[in-house]
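To keep things clear, I will list the structure first and then write my remarks on it.
Numbering (this note's numbering), first residue to last: 298 to 413.
So this is what it looks like as structure tokens:
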């Protein structure tokens, strides 16, 4: 029984100490944190932005601004959770870059989470 515990502890320690793969490390460091970066990022790049929603464009689309620029964001209505916001309210957004090429290239952010 003692030998089994030693083997189990050794296995668990090895798993816990295993290094992060290069692709995982790249994904963690590749998160975009400014509007300027998002506008030039590849499709589906993870983003975490901080700024203000300047205005509603309609159909769950809004204009978002940070210190580097503005971008269109797509936010499902339920993500607002009833929180009132104004153009001076600072919020955080977590999502990903969405690039549409028809009729011309248009970059926006698909928001998955709002941090109030």
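Backbone N, C-alpha and C define an ideal beta-carbon position, used for all residues, glycine too.
Residue pairing by DSSP puts residue 353 in a beta bridge opposite 359. Classified as buried, residue 361 has 16 or more neighbouring CB atoms from the shown chains inside 10 Å of its CB. Looking at the backbone, the Cα of residue 356 and that of residue 334 are separated by about 25 Å. Residue 346 sits close to residue 330, with the two beta carbons spaced by under 8 Å. In this structure, the CA atom of residue 328 is about 12 Å from the CA atom of residue 340. Rounded to the nearest angstrom, the Cβ distance from residue 376 to residue 408 is 6 Å, consistent with a contact under 8 Å. The C-alpha of residue 391 is placed about 11 Å away from the C-alpha of residue 342.
Taking C-beta atoms as the reference points, residue 349 and residue 384 count as a pair closer than 8 Å.
Residue environment: residue 406 is assigned as buried (16 or more neighbouring CB atoms within 10 Å of its CB, all protein chains considered).
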